[in-house]
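Inspection log for the structure reproduced underneath, given as structure tokens.
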Amino acid sequence: PPLPSLQNLSSAVCLLPVKPQRPSPDPLLLSLQSPLWPCPRRLVPALHLSLFDKCKLWIMEEDKKDNKQDMANNGEATGSPIKERCWNQREALPGEPSCVICGRYGEYICDETDDDICSMECKEILLGRLANSRRPVGVSPSVRFPVTDECFYVRDGDHKSDSESLTSDQIEALRRRIEIQVKGEFVPPPILSFSSCTLPQKLQQNLESAGYELPTPVQMQAIPAALFGKNLLVSADTGSGKTASFLVPVVSHCANYRFKHPSDHKNPLAMVLTPTRELCVQVEEQAKMLGKGLPFKTALVVGGDAMAGQIYRIQQGVELIVGTPGRLIDILTKHDIELDEVSVLVLDEVDCMLQRGFRDQVMQIFRALRQPQILMYSATIPPEAEKMANSMANDLIFVSAGKPNRPNCSVKQVVIWVESKQKKQKLFEILMSKQHFKPPVVVFVSSRLGADLLSEAIIVTTKMRALSIHGEKPMKERRESLRSFLMGEVSVIVATGVLGRGVDLLGVRQVIVFDMPNSIKEYVHQIGRASRLGEEGTALVFVNEENKNLFRELVEVLRSSGAAVPRELANSRYTMASFSVGQRQKKRKHSC
Ligand SMILES: Nc1ncnc2c1ncn2[C@@H]1O[C@H](COP(=O)(O)OP(=O)(O)OP(=O)(O)O)[C@@H](O)[C@H]1O
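According to mature numbering (1 follows the signal peptide of the UniProt record, and there is no 0), the sequence shown is numbered sequentially starting from 1.
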């Protein structure tokens with residue numbers, strides 16, 4: 001692109017369409033692991049690194065310092081210490097030597113190669129490359145900058161939305177780049193930084209302390225839309241940051257409301273409903289973390305914990321209630337809880353919440369509220385859920401990040417054809433294999449009894465510590481099991497669907513689907529536990545003819561993810577039959 005403004009850039013982050021092909025010795029690249037968004041923002045002064053060639057989107061931060069002042073500060077004074085880090089070096093002025101690695105001012109000469117170099121950091125990179133013979137020394141790596149409309153500038157301290165100045169074509173281009181699709185009217189543009197949406201200062205600081213330096217794609221679009229007061233239906237990959245994309249607007253709304261209406265009587269202002277206790281616990285924890293230091297208190301309302309304590313907490317005054325529908329209805333029917341001020345309702349895992357089983361309870365709660373803003377989220381949103389969601393909210397905006405209803409592409413799916421009788425043996429082989437076992441591991445089964453029996457069998461056979469977790473266990477035990485699993489005291493946890501959805505099992509990179517769940521939707525959620533924020537994970541999936549109902553969809557999902565389809569599955573008459581029916585239907589459609 002025309003480069004004048006590059007002179008003023010102190011940093012850049014890039015969204016890569018793919019992971020770098022090889023592990024990079026360059027620490028700057030280590031943060032760019034995710035295929036969709038960068039991990040915490042890193043200063044990337046080395047704009048010339050050829051590995052960035054494949055960048056899809058660049059977000060660049062304007063240098064806060066004035067260049068001239070920068071020069072003066074750095075001083076050309078002899079005897080000043082050698083610059084350790086590349087970003088401490090200034091830009092090269094016309095005619096000055098430039099660093100062969102990053103293009104900044106080549107203040108030093110590398111004693112081993114005679115090349116101009118800006119800092120110790122670039123020297124190490126240069127020598128590393130030399131050692132690996134990856135690149136001929138002394139030749140500047142090729143530079144391919146993205147075209148102008150792929151660069152977006154983020155100005156710190158500028159509280160106007162960073163994308164406010166973009167034309168509608170640029171907004172569309174930005175959405176395409178971050179793989180966001182929107183449906184609906186008056187959708188605000190995506191944000192490029194949290195600082196651009198005028199959040200309470202404390203919330204901004206809490207995000208920073210949590211390491212949330214840049215919004216993920218779903219957050220880029222959902223946060224401004226929710227702050228704008230829109231009703232939303234959001235679909236985005238498992239592990240893509242959906243929780244914060246509803247909690248940030250919720251915390252911001254509650255805190256702003258309390259700042260404007262300080263009163264002694266603190267009725268709840270927002271509600272988050274989720275299908276499981278584990279997920280409620282996690283959402284409440286994250287809400288507390290984001291609302292720290294703000295007028296923002298939460299109440300956790302789930303079965304298994306004493307109801308009296310939960311009611312007391314609400315009566316003391318809270319801004320947010322996080323709960324499962326069953327317990328919440330229990331409380332609302334037995335006690336007088338003022339809900340008139342609840343103006344935001346979040347349905348997390350909305351497809352599950354609007355399914356039979358939860359739907360009536362959710363609707364009962366919804367009807368008890370006064371037309372709240374409604375925010376609905378899931379990694380899987382089938383058409384029925386979309387239809388219901390539409391009927392619940394006016395002017396609904398649909399936001400979809402990535403490919404809807406598909407497994408997270410960071411999870412490698414390995415489907416193994418195993419007859420039911422051999423499944424246990426196969427599992428033990430995996431758990432005892434140094435090559436294949438990557439603890440901590442979640443093993444998903446379909447029944448509570450199955451979970452207990454299998455965890456005992458694992459202990460006996462492998463001598464490993466294993467636990468089971470399911471809906472029949474007391475809440476205290478479920479909490480304790482999850483804690484010891486997440487703390488690494490136990491390497492295997494055998495779970496039913498209670499851990500299948502939403503739960504952020506940080507550190508888990510391997511999931512074993514021992515019993516296929518009864519829908520591909522649940523499968524997408526279960527294997528999603530193996531990857532958070534684009535980290536790579538593996539799902540080992542046991543399949544046999546008992547799962548024939550899912551063959552067609554499973555094969556579709558595997559093919560679209562580029563995963564291998566076992567011969568037995570590909571050749572099964574259930575797969576073949578369903579595909580040929582599908583094809584016949586298509587043909588008929590065409591001939592009409
Ligand atoms: N902007 C961000 N920067 C860094 N980390 C983030 C950011 N947003 C979320 N995270 C972290 O990413 C992880 C996954 O987020 P989250 O649990 O919200 O995913 P999700 O989309 O709700 O997944 P699922 O569909 O499985 O529920 C969490 O550990 C969360 O703390």
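Backbone N, C-alpha and C fix where the C-beta goes; we use that ideal spot for every residue, glycine too.
Within 10 angstroms of the Cβ of residue i, are there 16 or more other Cβ atoms? Answer buried if so, exposed if not.
{"i": "Pro-38", "result": "For Pro-38, the pLDDT reaches just 35, beneath the cut-off of 50, and the residue's location in the model is therefore unreliable, although a value from the coordinates is still provided. Classification of Pro-38: buried, given that the 10 Å Cβ count is 16 or more."}
{"i": "Ile-109", "result": "exposed"}
{"i": "Glu-419", "result": "exposed"}
{"i": "Ser-196", "result": "buried"}
{"i": "Gly-211", "result": "exposed"}
{"i": "residue 594", "result": "The requested residue 594 does not occur in the structure, where the chain is confined to residues 1 to 592."}
{"i": "Gln-425", "result": "exposed"}
{"i": "Arg-483", "result": "exposed"}
{"i": "Gly-537", "result": "buried"}
{"i": "Pro-215", "result": "buried"}
{"i": "Arg-487", "result": "Contrary to the premise, residue 487 reads as Met rather than Arg in this sequence. With fewer than 16 other Cβ atoms within 10 Å, it is exposed."}
{"i": "Leu-29", "result": "Confidence in Leu-29 is poor, its pLDDT being 34 and thus under 50, which makes the residue's placement too unreliable to answer from."}
{"i": "Gly-103", "result": "buried"}
{"i": "Gly-357", "result": "exposed"}
{"i": "Leu-554", "result": "buried"}
{"i": "Ala-306", "result": "exposed"}
{"i": "Pro-27", "result": "Unreliable placement is indicated for Pro-27, whose pLDDT of 31 sits below 50; no coordinate value is reported for it."}
{"i": "Pro-383", "result": "exposed"}
{"i": "Lys-183", "result": "exposed"}
{"i": "Ile-180", "result": "buried"}
{"i": "Leu-449", "result": "exposed"}
{"i": "Asn-231", "result": "buried"}
Is residue i near ligand 2 - that is, is its Cβ less than 7 Å away from at least one heavy atom of it?
{"i": "Lys-230", "result": "Here the bound small molecules are ligand 1; ligand 2 is not part of this structure."}
Can you name the residues that DSSP bridges to residue i?
{"i": "Ala-539", "result": "Gln-413 and Val-511"}
{"i": "Lys-421", "result": "Paired residue(s): none; Lys-421 is not in a bridge."}
{"i": "Glu-553", "result": "Answer by DSSP bridge pairing: none, since Glu-553 is not bridged."}
{"i": "Gly-323", "result": "Leu-273 and Val-301"}
{"i": "Val-494", "result": "Val-443 and Ser-468"}
{"i": "Glu-386", "result": "DSSP lists no partner for Glu-386."}
{"i": "Leu-227", "result": "Looking at the DSSP assignment, Leu-227 forms no beta bridge with any residue, so it has no partner."}
{"i": "Phe-398", "result": "Lys-183 and Leu-233"}
{"i": "Ile-374", "result": "Leu-345"}
{"i": "residue 600", "result": "This structure leaves residue 600 out entirely; the chain is present only between 1 and 592."}
Check whether the Cβ atoms of residue i and residue j sit closer than 8 Å, and answer yes or no.
{"i": "Met-376", "j": "Leu-233", "result": "yes"}
{"i": "Gly-106", "j": "Asp-114", "result": "no"}
{"i": "Asn-547", "j": "Met-576", "result": "no"}
{"i": "Val-342", "j": "Ala-287", "result": "no"}
{"i": "Glu-84", "j": "Ser-119", "result": "yes"}
{"i": "Val-187", "j": "Ile-397", "result": "yes"}
{"i": "Pro-474", "j": "Gly-304", "result": "yes"}
{"i": "Phe-246", "j": "Val-399", "result": "no"}
{"i": "Val-251", "j": "Phe-194", "result": "no"}
{"i": "Ala-466", "j": "Val-494", "result": "yes"}
{"i": "Thr-324", "j": "Thr-276", "result": "yes"}
{"i": "Cys-280", "j": "Val-302", "result": "yes"}
{"i": "Phe-551", "j": "Tyr-574", "result": "yes"}
{"i": "Gln-415", "j": "Pro-566", "result": "Reading the sequence as shown, one finds Val at residue 415 and not Gln. Against a cut-off of 8 Å, the Cβ pair of Pro-566 and Val-415 comes out as a contact."}
{"i": "Gln-413", "j": "Ser-209", "result": "no"}
{"i": "Pro-407", "j": "Gly-293", "result": "no"}
Could you check which residue in the options has the C-alpha nearest to that of residue i?
{"i": "Glu-556", "options": "Thr-216, Ser-80 and Ile-520", "result": "Ile-520"}
{"i": "Gly-241", "options": "Pro-200, Val-503 and Met-432", "result": "Val-503"}
{"i": "Leu-454", "options": "Leu-482, Ser-410 and Val-513", "result": "Val-513"}
{"i": "Met-392", "options": "Ile-416, Phe-444, Lys-412 and Val-362", "result": "Val-362"}
{"i": "Val-543", "options": "Leu-550, Gly-128, Trp-417 and Leu-339", "result": "Trp-417"}
{"i": "Lys-463", "options": "Leu-339, Met-432 and Glu-472", "result": "Met-432"}
{"i": "Ala-244", "options": "Asp-348, Lys-230 and Leu-328", "result": "Asp-348"}
{"i": "Gln-526", "options": "Thr-167, Val-511, Arg-479 and Phe-551", "result": "Val-511"}
{"i": "Lys-423", "options": "Pro-404, Glu-545 and Val-344", "result": "Glu-545"}
{"i": "Arg-177", "options": "Gly-471, Leu-554, His-335 and Gly-402", "result": "Gly-402"}
{"i": "Gln-371", "options": "Asn-518, Ala-457 and Leu-339", "result": "Leu-339"}
{"i": "Gly-436", "options": "Pro-407, Arg-509, Lys-387 and Glu-489", "result": "Note on residue identity: the sequence assigns His, not Gly, to residue 436. Closest by alpha carbon: Arg-509."}
{"i": "Glu-278", "options": "Asn-571, Arg-532 and Glu-480", "result": "Glu-480"}
{"i": "Asp-351", "options": "Lys-334, Arg-327 and Ala-385", "result": "Ala-385"}
{"i": "Asp-336", "options": "Pro-268, Asp-360, Val-460 and Arg-359", "result": "Pro-268"}
{"i": "Asp-360", "options": "Ala-379, Ser-468, Gly-326 and Val-344", "result": "Gly-326"}
I think residue i touches residue j, with their Cβ atoms under 8 Å apart; what is that distance to the nearest whole Å?
{"i": "Glu-535", "j": "Ser-410", "result": "6 Å"}
{"i": "Met-353", "j": "Leu-290", "result": "Actually they are not in contact, since the Cβ atoms of Met-353 and Leu-290 sit about 22 Å apart, beyond 8 Å."}
{"i": "Leu-320", "j": "Ala-270", "result": "5 Å"}
{"i": "Ser-491", "j": "Val-441", "result": "7 Å"}
{"i": "Ile-329", "j": "Ile-365", "result": "7 Å"}
{"i": "residue 594", "j": "Ala-255", "result": "Since the first residue of the chain shown is 1 and the last is 592, residue 594 is not available in this structure."}
How about residue i: is its C-beta nearer than 8 Å to some C-beta of chain C?
{"i": "Val-344", "result": "Going by chain labels, chain C is absent from the structure shown, which holds only one protein chain."}
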